[in-house]
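Right, one structure below, let's go through it.
Residue numbers (the working numbering), protein chains in the order written: chain V, 30 to 142; chain A, 4 to 113.
Below, the structure written as structure tokens:
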């Protein structure tokens, strides 16, 4: 299994500011993904973080709002830009391993005030 | 509507078996997953099943897959208080990308 560390684990931010969330994996992985879990809701895929190229975004998510970096095979960042209270969610990093299992970090609980 | 559907709530007595049901829509999903989320925690991968299998057993967990009906279930034997959590079913339309259900809140009572 892959061990995934996310930072920060939680944060309270002012509206209009940006927050960058880091995801570190203990092994090289091909696929890294970012999900959002709004309060009381299920998880929704934001984007696939591609190493060496731009992220691939799902419908309803755009690069200007959620820029993503993937500088190597063990690390990725997600930035939540120009935040509003509607961005209050848990943001989770996920990695795929062995073409079967998909593991998640502990998540970053973001509250925008 | 949801591509993956689950019942929202299940109450079970300690020591009984829990059965959580899920229906999905994407017949091309190669793997189907069950995750557990405890309060304030991330997602823990419980088990997964390959789409050409009917059943998978892992200790107290049994996964049943009816591919014809696109129905997946998770049975937890001898349910304990530590099993209280939200359980998410997920399909994988392409590897690594998961489509989740809304989650089933399981409450275990003494």
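For glycine and all other residues, C-beta sits at the position ideal for the given N, C-alpha and C.
Keeping to the same chain, check which residues put their C-beta closer than 6 Å to that of residue 36/A; ignore five residues upstream and five downstream.
-> 51, 93
For the beta strand (DSSP E) that contains residue 130/V, what are its first and last residues?
-> 130 to 133
Alpha carbon to alpha carbon, how far is residue 38/V from residue 50/V?
-> 9 Å
Helix, strand or coil at residue 94/A [DSSP, three-state] = strand
Quick one: residues in its chain with C-beta nearer than 6 Å to the C-beta of residue 47/A, no 5 flanking neighbours on either side, listed in chain order?
-> 39
Whose C-beta lies closer than 6 Å to the C-beta of residue 61/V among residues of the same chain, with five residues either side of it excluded?
-> 78, 105, 124
How big is the Cα-Cα spacing for residue 91/A and residue 121/V?
-> 15 Å
C-alpha gap between residue 48/V and residue 87/A, whole angstroms = 32 Å
Going straight from the alpha carbon of residue 139/V to that of residue 114/V, what length do you get?
-> 10 Å
Beta-carbon spacing of residue 29/A, residue 96/A below 7 Å = yes
Between residue 4/A and the rest of its own chain, which residues show a CB-CB distance below 7 Å, the 5 nearest in sequence each way excluded?
-> For residue 4/A, the predicted model reports a pLDDT of 41, less than 50, meaning its position is unreliable; a value from the coordinates is still stated below. Contacts found: none.
Runs of beta strand (DSSP E) wholly within the region 47 to 76 of chain V (minimum 3 residues, chain order) = 48 to 54, 61 to 66
Rounded straight-line distance, which links the Cα of residue 58/A to that of residue 80/A | 15 Å
Please name the residues in the region 70 to 92 of chain V whose beta-carbon is closer than 9 Å to at least one beta-carbon of chain A, in chain order.
-> 70, 71, 72, 73, 74, 77, 87
Distance CB(residue 52/V)-CB(residue 136/V) smaller than 7 Å | no
Per the contact definition of three or more C-beta pairs closer than 8 Å, is the region 70 to 77 of chain A in contact with the region 12 to 23 of chain A?
-> yes
Sorted by chain position, which residues of the same chain lie with C-beta nearer than 7 Å to residue 103/A's C-beta, five sequence neighbours on each side aside?
-> 7, 91, 93
In three-state DSSP terms, what is residue 136/V?
-> coil
Quick one, are the C-beta atoms of residue 107/V and residue 80/V less than 7 Å apart?
-> no
Beta-carbon of residue 13/A versus every beta-carbon of chain V: anything under 7 Å?
-> no
Are the C-beta of residue 96/A and some C-beta of chain V separated by less than 7 Å?
-> no
Residue from 116/V, 32/V, 129/V, 82/V with nearest C-alpha to residue 46/V | 116/V
With distances taken between CB atoms, is the gap from residue 76/V to residue 99/A smaller than 7 Å?
-> no
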